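Keeping their order, the protein sequence lines are chains A and B. UniProt numbering puts the first residue of the first sequence at 1, with every later residue one more than the last. UniProt numbering puts the first residue of the second sequence at 1, with every later residue one more than the last. Everything on this sheet refers to the single structure shown next.
Number of protein chains: 2
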Amino acid sequence: MSVFTPVTPEALSLWLQRYAVGRLAHLQGISAGVQNSNFFVTTTLGRYVLTLFESIPRAELPFYLHLMAHLARCGLPVPAPIADRDNEYLGTLADKPAVLVARLSGASDLSPDSARCARVGAMLAGLHLAGLSYRRHQDNPRGAAWRSATAAQLRPYLTAAEQTLLDEELAFQAGVAVDALPRGVIHADLFRDNVLWDGEHIGGVIDFYFAGVDALLFDVAVTVNDWCSNADGSLDAVRCAALLDAYHAERPFTSAESVAWPAMLRAAALRFWLSRAADFHLPREGEMVLVKNPDEYRDILRLRRSAVPALPAPSTV
Amino acid sequence: MSVFTPVTPEALSLWLQRYAVGRLAHLQGISAGVQNSNFFVTTTLGRYVLTLFESIPRAELPFYLHLMAHLARCGLPVPAPIADRDNEYLGTLADKPAVLVARLSGASDLSPDSARCARVGAMLAGLHLAGLSYRRHQDNPRGAAWRSATAAQLRPYLTAAEQTLLDEELAFQAGVAVDALPRGVIHADLFRDNVLWDGEHIGGVIDFYFAGVDALLFDVAVTVNDWCSNADGSLDAVRCAALLDAYHAERPFTSAESVAWPAMLRAAALRFWLSRAADFHLPREGEMVLVKNPDEYRDILRLRRSAVPALPAPSTV
Numbered sequence: 001m002s003v004f005t006p007v008t009p010e011a012l013s014l015w016l017q018r019y020a021v022g023r024l025a026h027l028q029g030i031s032a033g034v035q036n037s038n039f040f041v042t043t044t045l046g047r048y049v050l051t052l053f054e055s056i057p058r059a060e061l062p063f064y065l066h067l068m069a070h071l072a073r074c075g076l077p078v079p080a081p082i083a084d085r086d087n088e089y090l091g092t093l094a095d096k097p098a099v100l101v102a103r104l105s106g107a108s109d110l111s112p113d114s115a116r117c118a119r120v121g122a123m124l125a126g127l128h129l130a131g132l133s134y135r136r137h138q139d140n141p142r143g144a145a146w147r148s149a150t151a152a153q154l155r156p157y158l159t160a161a162e163q164t165l166l167d168e169e170l171a172f173q174a175g176v177a178v179d180a181l182p183r184g185v186i187h188a189d190l191f192r193d194n195v196l197w198d199g200e201h202i203g204g205v206i207d208f209y210f211a212g213v214d215a216l217l218f219d220v221a222v223t224v225n226d227w228c229s230n231a232d233g234s235l236d237a238v239r240c241a242a243l244l245d246a247y248h249a250e251r252p253f254t255s256a257e258s259v260a261w262p263a264m265l266r267a268a269a270l271r272f273w274l275s276r277a278a279d280f281h282l283p284r285e286g287e288m289v290l291v292k293n294p295d296e297y298r299d300i301l302r303l304r305r306s307a308v309p310a311l312p313a314p315s316t317v
Numbered sequence: 001m002s003v004f005t006p007v008t009p010e011a012l013s014l015w016l017q018r019y020a021v022g023r024l025a026h027l028q029g030i031s032a033g034v035q036n037s038n039f040f041v042t043t044t045l046g047r048y049v050l051t052l053f054e055s056i057p058r059a060e061l062p063f064y065l066h067l068m069a070h071l072a073r074c075g076l077p078v079p080a081p082i083a084d085r086d087n088e089y090l091g092t093l094a095d096k097p098a099v100l101v102a103r104l105s106g107a108s109d110l111s112p113d114s115a116r117c118a119r120v121g122a123m124l125a126g127l128h129l130a131g132l133s134y135r136r137h138q139d140n141p142r143g144a145a146w147r148s149a150t151a152a153q154l155r156p157y158l159t160a161a162e163q164t165l166l167d168e169e170l171a172f173q174a175g176v177a178v179d180a181l182p183r184g185v186i187h188a189d190l191f192r193d194n195v196l197w198d199g200e201h202i203g204g205v206i207d208f209y210f211a212g213v214d215a216l217l218f219d220v221a222v223t224v225n226d227w228c229s230n231a232d233g234s235l236d237a238v239r240c241a242a243l244l245d246a247y248h249a250e251r252p253f254t255s256a257e258s259v260a261w262p263a264m265l266r267a268a269a270l271r272f273w274l275s276r277a278a279d280f281h282l283p284r285e286g287e288m289v290l291v292k293n294p295d296e297y298r299d300i301l302r303l304r305r306s307a308v309p310a311l312p313a314p315s316t317v
């Protein structure tokens with residue numbers, strides 16, 4: 001969405017007095033992001049990003065902010081929220097919930113090679129391992145319950161073929177045994193535009209505002225569907241193997257995960273088909289969302305119903 | 001001191017399993033630092049510094065580590081300690097207390113111009129303001145009590161002229177009214193080699209292991225004595241004004257601080273004369289300290305007994 005709520009240098013200068021980050025030197029809006037207004041903020045002491053929350057309820061924000069703080073404490077390159085002089089992360093600016101976070105370096109890569117896919121696989125495993133020591137809880141806001149509700153709303157807007165695909169997939173997913181899968185905090189939206197590359201290293205993993213607790217393998221599937229798909233939606237076996245092997249080296253997959261893998265790839269594809277189709281057919285009033293093509297993930301879902309590359313074999317040791 | 005305690009890649013790889021930072025890719029000793037063993041540690045997920053504590057008692061370490069974590073949370077570029085999967089900062093490696101911290105970018109500058117002196121002044125004020133919300137307490141370990149005790153031990157090793165200088169200065173400092181000065185957490189050792197420059201920005205402020213609670217102005221004096229002295233020990237008026245004005249813009253000096261300023265410059269010079277002379281004349285057994293020339297700070301002390309540049313005037317608003 002880019003910038004919805006304007007912020008003047010004068011208002012920001014005043015607001016920054018709540019912090020110990022020095023005085024405002026430069027302010028610039030960022031034309032990215034789909035649910036918040038974001039700004040680059042440079043002060044006399046450092047470089048930060050200011051986020052104003054346009055749609056996430058204030059009460060839900062502490063889960064995300066403390067998660068980012070926790071993962072940063074664990075040594076991972078995520079945007080750590082900055083505490084004000086009262087030790088609070090969450091403030092109010094221009095009548096919106098507002099937070100200042102560390103600005104990370106790097107740029108996203110929309111055509112990652114297999115070496116970068118491997119680095120992302122390792123990073124995702126690191127996020128999952130670090131998330132195990134995070135104490136707050138929130139269910140994945142785009143989990144099974146949201147899926148059913150959204151599908152019901154959306155069904156009338158779909159073609160007959162799409163309705164059949166949706167019905168069949170919902171019925172299939174209802175039968176998938178997910179209870180045996182390792183669970184934890186998942187990023188849930190680790191697309192290529194949410195990873196910043198600083199040379200060949202990951203300088204930043206951003207946009208944690210879809211995070212929640214769910215099967216870790218679902219997060220792997222979301223990531224693989226984006227990072228390892230060819231232009232036609234089919235999976236690239238080399239990039240897939242690179243990402244999965246690197247993940248497996250940090251957190252070995254279990255036997256239950258090997259079994260569930262094909263279904264998880266489908267569940268992850270379904271989730272983004274549904275959200276994109278909902279943004280397209282059911283736009284929420286007053287919200288300027290960058291509408292992405294829903295057909296891309298409908299087609300990925302169709303393709304994932306055929307054979308997919310297997311997970312690395314669980315160690316038998 | 002550089003590296004005292006060797007660490008093998010094998011031992012470190014095992015130890016790193018306690019963290020979520022990925023697997024060891026590269027390990028390299030650092031030949032800097034005077035009381036710890038330090039190593040650059042690169043993993044599959046990031047770049048860190050490993051510190052083994054050679055002389056600071058384990059019980060005193062939480063004050064420093066949580067201080068660094070607090071200042072990083074406040075958005076300042078300090079080496080944030082990394083939490084292990086049990087959410088603990090402090091571990092044990094090679095039978096020494098050990099911590100992994102974020103690796104910051106940049107290099108120190110031993111000939112800073114006035115623009116950099118201004119940036120350091122602003123940063124020091126930021127550290128002081130952020131420190132006000134830090135809840136743990138430790139007195140400055142090199143404060144007035146340490147000064148008296150060290151002077152008594154050292155006196156027999158000094159020349160007659162040095163003894164006179166020392167006696168006069170101790171008598172003078174005993175009469176300085178410090179109770180009216182704003183207090184807080186001070187870095188206490190913000191020398192040029194403890195600031196890393198990343199272009200014209202400060203990428204890191206390091207080495208917090210002399211920090212404690214004392215008069216904030218004492219910290220300003222320590223910093224000015226190092227950053228703004230000419231080769232002969234005299235103060236450079238331009239760099240002094242740059243540093244002090246920039247500090248003042250973030251945290252305005254009080255009237256009591258203006259009055260105490262000349263005495264604080266002397267107290268700060270005395271502190272480093274004493275510690276360097278003690279390292280020289282009273283080396284602790286088994287400790288390999290890089291001995292710095294004590295005469296430099298004896299001469300700075302002598303020079304500060306004459307006129308010094310004044311602080312910026314407190315605002316009368």
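Glycine residues also receive a C-beta, built at the ideal position from the N, C-alpha and C atoms. No experiment lies behind these values; they were computed from the predicted model shown.
Residue i: contacting residues in chain E (beta-carbon distance under 9 Å)
{"i": "D86 of chain B", "result": "Given the protein chain composition of this structure (A and B), no chain E is represented."}
Residue environment, residue i, which counts as buried when at least 16 other CB atoms sit within 10 Å
{"i": "Y48 of chain A", "result": "buried"}
{"i": "G75 of chain B", "result": "buried"}
{"i": "G22 of chain B", "result": "buried"}
{"i": "R155 of chain B", "result": "exposed"}
{"i": "T223 of chain B", "result": "buried"}
{"i": "E88 of chain B", "result": "exposed"}
{"i": "S31 of chain B", "result": "exposed"}
{"i": "H70 of chain A", "result": "buried"}
{"i": "N293 of chain B", "result": "exposed"}
{"i": "A215 of chain A", "result": "buried"}
{"i": "R58 of chain A", "result": "exposed"}
{"i": "G199 of chain A", "result": "exposed"}
{"i": "N140 of chain A", "result": "buried"}
{"i": "R135 of chain A", "result": "exposed"}
Distance, residue j Cα to residue i Cα
{"i": "residue 320 of chain B", "j": "V195 of chain A", "result": "No information on residue 320 of chain B is available, as it lies outside the stretch 1 to 317 that chain B covers here."}
{"i": "D232 of chain B", "j": "P77 of chain B", "result": "32 Å"}
{"i": "R251 of chain B", "j": "A145 of chain B", "result": "28 Å"}
{"i": "A242 of chain A", "j": "T8 of chain B", "result": "29 Å"}
{"i": "R103 of chain B", "j": "P79 of chain B", "result": "6 Å"}
{"i": "H281 of chain B", "j": "L127 of chain B", "result": "34 Å"}
{"i": "M1 of chain A", "j": "P182 of chain A", "result": "In this predicted model, M1 of chain A has a pLDDT of only 42, less than 50, meaning its place in the structure is not dependable; the value taken from the coordinates is given anyway. About 34 Å."}
{"i": "L50 of chain B", "j": "Y19 of chain B", "result": "13 Å"}
{"i": "G131 of chain A", "j": "A11 of chain A", "result": "36 Å"}
{"i": "C240 of chain B", "j": "T92 of chain A", "result": "38 Å"}
{"i": "R304 of chain A", "j": "L158 of chain A", "result": "20 Å"}
{"i": "D95 of chain A", "j": "S37 of chain A", "result": "13 Å"}
{"i": "V178 of chain B", "j": "F218 of chain B", "result": "10 Å"}
{"i": "S275 of chain B", "j": "A268 of chain B", "result": "11 Å"}
{"i": "R85 of chain B", "j": "E162 of chain B", "result": "53 Å"}
{"i": "I206 of chain A", "j": "L270 of chain B", "result": "48 Å"}
{"i": "L24 of chain A", "j": "H137 of chain A", "result": "35 Å"}
{"i": "A260 of chain A", "j": "L311 of chain A", "result": "10 Å"}
For residue i: DSSP bridge partner residues
{"i": "N140 of chain A", "result": "Looking at the DSSP assignment, N140 of chain A forms no beta bridge with any residue, so it has no partner."}
{"i": "P156 of chain A", "result": "None, per the DSSP bridge assignment."}
{"i": "S55 of chain B", "result": "Looking at the DSSP assignment, S55 of chain B forms no beta bridge with any residue, so it has no partner."}
{"i": "T43 of chain B", "result": "B:L24"}
{"i": "V99 of chain A", "result": "A:T51"}
{"i": "P81 of chain B", "result": "B:V101"}
{"i": "T8 of chain A", "result": "According to DSSP, T8 of chain A bridges with nothing at all."}
{"i": "G131 of chain B", "result": "Answer is none; G131 of chain B lacks a bridge partner."}
{"i": "S229 of chain A", "result": "A:L235"}
{"i": "V185 of chain A", "result": "A:V213"}
Nearest-angstrom beta carbon gap, residue j and residue i [assumed within contact, 8 Å]
{"i": "N297 of chain A", "j": "W273 of chain A", "result": "The amino acid occupying residue 297 of chain A in the given sequence is Tyr; Asn does not appear at that position. Confirmed, about 4 Å."}
{"i": "V213 of chain B", "j": "V185 of chain B", "result": "6 Å"}
{"i": "A188 of chain B", "j": "R142 of chain B", "result": "6 Å"}
{"i": "W197 of chain A", "j": "D109 of chain A", "result": "5 Å"}
{"i": "S114 of chain A", "j": "V238 of chain A", "result": "5 Å"}
{"i": "L52 of chain B", "j": "A98 of chain B", "result": "5 Å"}
{"i": "E54 of chain A", "j": "Q35 of chain A", "result": "6 Å"}
beta-carbon residue i near the ligand FMN non-hydrogen atom, thresh 7 Å
{"i": "L165 of chain A", "result": "In terms of ligand content, the structure shown is empty, and the ligand FMN therefore cannot be addressed."}
inquiry  = If we require 4 or more residues per run, which alpha helix (DSSP H) segments fall completely within the segment 189-227 of chain B?
reply    = 216-227
key: 3-residue-minimum beta strand (DSSP E) runs that sit fully inside the segment 254-304 of chain A, ordered along the chain   = none
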